[in-house]
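Down below is the structure, laid out as C-alpha cells.
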Amino acid sequence: MQYRMFGRLDWKVSALGFGCMRLPFKGEDPSDIDEPEAIRMLHYAMDHGVNYVDTAYPYHGGNSEWVVGRALKGGYRDKVRLATKLPCWKVEATADFDRFLNEQLEKLQTDHIDFYLLHALNGSRWSKMRDLDVLEWAEKAIADGRIGYIGFSFHDKYEIFQEIIDAYDRWTFCQIQYNYMDIENQAGTKGLRYAASKGLAVVIMEPLLGGRLVDPPLPVQALWDTATNKRTPADWALQWLWNQPEVSVVLSGMSTMQQVEENVASATASGINSLTEEELALVARVRQKYQELSPIPCTKCEYCMPCPNGVNIPRNFEVYNEGAMYDKPEEARRAYNVWMPEDQRASQCIQCRQCEEQCPQGILISEWMVRVHKVLGKGEPYL
Numbered sequence: 102m103q104y105r106m107f108g109r110l111d112w113k114v115s116a117l118g119f120g121c122m123r124l125p126f127k128g129e130d131p132s133d134i135d136e137p138e139a140i141r142m143l144h145y146a147m148d149h150g151v152n153y154v155d156t157a158y159p160y161h162g163g164n165s166e167w168v169v170g171r172a173l174k175g176g177y178r179d180k181v182r183l184a185t186k187l188p189c190w191k192v193e194a195t196a197d198f199d200r201f202l203n204e205q206l207e208k209l210q211t212d213h214i215d216f217y218l219l220h221a222l223n224g225s226r227w228s229k230m231r232d233l234d235v236l237e238w239a240e241k242a243i244a245d246g247r248i249g250y251i252g253f254s255f256h257d258k259y260e261i262f263q264e265i266i267d268a269y270d271r272w273t274f275c276q277i278q279y280n281y282m283d284i285e286n287q288a289g290t291k292g293l294r295y296a297a298s299k300g301l302a303v304v305i306m307e308p309l310l311g312g313r314l315v316d317p318p319l320p321v322q323a324l325w326d327t328a329t330n331k332r333t334p335a336d337w338a339l340q341w342l343w344n345q346p347e348v349s350v351v352l353s354g355m356s357t358m359q360q361v362e363e364n365v366a367s368a369t370a371s372g373i374n375s376l377t378e379e380e381l382a383l384v385a386r387v388r389q390k391y392q393e394l395s396p397i398p399c400t401k402c403e404y405c406m407p408c409p410n411g412v413n414i415p416r417n418f419e420v421y422n423e424g425a426m427y428d429k430p431e432e433a434r435r436a437y438n439v440w441m442p443e444d445q446r447a448s449q450c451i452q453c454r455q456c457e458e459q460c461p462q463g464i465l466i467s468e469w470m471v472r473v474h475k476v477l478g479k480g481e482p483y484l
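Under this note's numbering, the letters of the sequence shown match residues 102 to 484, in that order.
And the structure:
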C-alpha cells in the first residue's frame, strides 16, 4: 500500500480509503447489509494497509455505522482512522449536534471519531450550520475528545466551496466529488488545489462517478485500448487521481471482494506524478470523447434561468446527457423520476421559448424538453 500526507497532520493516510456507502446487501433492500461479507471485505482492506474508513449517518438506511462498528472490533479500530458525518439536513437546533454525535459513537462502538464531517454542505446548509454555531460546538467536542478533527463534504459551486474554507482557519480536511470528468464540476480541480494550498487534506469521493466510468461505451473503450500500458477503465480513473499531489486519499465505495482486491492492487501501484504526458493526454481525449457523446450542447451557463414555469433546464439536460454519454439510460430515468422534483422536470415546459432567446448555444430548448420527457419520463429510447 502507498501512503500520502494528510494535509497538515503528522500522519500518512493510505492512498485508498474504504467508503462504506455501497456495502453488499441482501436482495433489493440496501439497508439489509450482507454483514459477514461486508466485514470480510473491510478486514481484507485493512489487512492490506487501508487505514481510512469512511461512513455516514444515513448510509444503508442508517445501518452502515452499525456494521462498521462491528467490523472494527478485535483490534481493527486501532489500525484505522475512522470518519463519519453529521447529517446537516436533519439538524434543527444546536442540541441536535450532541444528539447525533453521541448516537453515532454508540453505533460505531467507539469513544471518539477521528475525522468528523459536516455532511453534504451547500450554500443553504452552510448558512444554517454557521448560524447554529456548529464550529463552536465542534471545538468543544474536539476538546472533550469525542472528535479528533473537523472537516466537511461538499456539493455546490466552487464559489461556495471557497467561502466555506475561508470562513474557518481550523478545518483539517474536506471531501469533494472529483474525477477526470468532474474537473470543472462542483469544487473541481480549482477547488482541489485551493484547499490543498490552505493546508487541508483533500478526500476524494465518486472517483468512478458512481460506477459510470467502469464500463465505458465502445468509442471510449476504443481509446483506452490504444494505450501502451494496459489498464482497466477503473484503474485509469484511479491512477489519474493518485497522480495529483493535492489528493490525499481516494474513497471507493466497494460492493464486492473483487472490487476490494482490484482497488488495493491499484493503490499499491499508485504514485504522485507517475503518469506520463502521453497517458495524461489519453485521459484528456477520453474526456473529450465522452463529451462528444453528449447530445445536447448545454454548458450549464444558466443564462436560460429562471424558467417562468419553474423548469430546471440545465439539470434536465445534464441528466439526459449523462444517460447518453455513459450509456446508462436507466440511471438517467431514475435520476429524473426519483431525485428531481416534479415541478422542475421537462414535463412542466409550456414551450414559451423565452429561454431560447437567452441561450448562447442556440439550443432549441422547448423542442428538447419534449424529447427529454419522452425518454426519461415515458421510457422512450435514446436516438
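Glycine included, C-beta positions come from ideal geometry on N, C-alpha and C.
{"Check": "Using DSSP with H/G/I as helix, E/B as strand and the rest coil, what is D215?", "Outcome": "strand"}
{"Check": "Can you name, in chain order, every residue of its own chain whose Cβ lies under 6 Å from the Cβ of Q210, other than the five neighbours on each side?", "Outcome": "G170"}
{"Check": "Drop a sphere of 10 angstroms on the beta-carbon of I451, count the other beta-carbons inside from all chains shown, and report buried for 16 or more, exposed for fewer.", "Outcome": "exposed"}
{"Check": "Leaving out five residues on either side along the sequence, give the residues of the same chain with a beta carbon under 7 Å from the beta carbon of K299.", "Outcome": "I266"}
{"Check": "Pull up the CB-CB distance for Y145 and V181, whole angstroms please, since I reckon it's below 8 Å.", "Outcome": "Contact flag wrong, Cβ pair sits at about 13 Å."}
{"Check": "Does DSSP classify C189 as helix, strand or coil?", "Outcome": "helix"}
{"Check": "Here's the rule I'm using: 16 or more other beta-carbon atoms within 10 Å means buried, otherwise exposed. How should L173 be labelled?", "Outcome": "buried"}
{"Check": "Quick check: the Cα distance between P137 and P125, rounded to an integer number of angstroms?", "Outcome": "10 Å"}
{"Check": "Could you check what DSSP says for G128 in three-state terms: helix, strand or coil?", "Outcome": "coil"}
{"Check": "Which partner residues of G354 appear in the DSSP bridge assignment?", "Outcome": "G120"}
{"Check": "What are the boundary residues of the beta strand (DSSP E) that R105 is part of?", "Outcome": "Y104 to M106"}
{"Check": "Taking the C-alpha atoms as reference points, what is the distance between L227 and R247?", "Outcome": "A small correction: the amino acid at residue 227 is Trp; Leu does not occupy that position in the sequence shown. Using only the alpha carbons, I get a separation of about 22 Å."}
{"Check": "Pick helix, strand or coil for H474, following the three-state DSSP scheme.", "Outcome": "helix"}
{"Check": "Starting from the C-beta of W167, find all residues in its chain whose C-beta is less than 7 Å away, skip the five residues before and the five after it, and write them out in chain order.", "Outcome": "K208"}
{"Check": "Which runs of the beta strand (DSSP E) fall wholly inside the region 302–357 and span at least 3 residues, in chain order?", "Outcome": "302–306 and 350–354"}
{"Check": "Using 7 Å as the threshold, is the C-beta distance between G289 and D257 below it?", "Outcome": "no"}
{"Check": "For the region 391–410 against the region 419–431, do three or more pairs of beta-carbon atoms, one drawn from each stretch, fall closer than 8 Å, so that the two count as touching?", "Outcome": "yes"}
{"Check": "CB V348 to CB L342, shorter than 7 Å?", "Outcome": "yes"}
{"Check": "How would you call N364, buried or exposed, if buried means at least 16 neighbouring beta carbons within 10 angstroms?", "Outcome": "buried"}
{"Check": "Just the C-alpha distance for V304 and V235, rounded to the nearest angstrom, thanks.", "Outcome": "21 Å"}
{"Check": "Report the option in Y427, S371 and L218 whose CA atom is closest to the CA atom of A239.", "Outcome": "L218"}
{"Check": "In whole angstroms, give me the CA-to-CA distance for D245 and C405.", "Outcome": "50 Å"}
{"Check": "Where G249 and A302 are concerned, what is the direct C-alpha to C-alpha distance, given to the nearest angstrom?", "Outcome": "14 Å"}
{"Check": "For A88 and E423, I'd like the C-alpha separation in whole angstroms.", "Outcome": "Given a span of 102 to 484 for the chain in the structure shown, any question on residue 88 remains unanswerable."}
{"Check": "Figure out for me which residue from K113, Q263 and Q360 has the closest Cα to the Cα of G150.", "Outcome": "K113"}
{"Check": "Let me know if N280 comes out buried or exposed under the rule of 16 or more other beta-carbons within 10 Å of its beta-carbon.", "Outcome": "buried"}
{"Check": "For the region 429–442 against the region 460–478, are there 3 or more C-beta pairs whose distance is under 8 Å?", "Outcome": "yes"}
{"Check": "According to the neighbour-count rule (16 or more other Cβ atoms, all chains shown, within 10 Å of its Cβ), is V439 buried or exposed?", "Outcome": "exposed"}
{"Check": "Could you tell me how far apart the beta carbons of S375 and N330 are, in whole angstroms, since I believe they sit closer than 8 Å?", "Outcome": "The pair is not a contact, with the Cβ atoms about 11 Å apart (cut-off 8 Å)."}
{"Check": "Between which residues of its own chain and M355 is the CB-CB distance below 6 Å, once the five residues before and five after are set aside?", "Outcome": "V361"}
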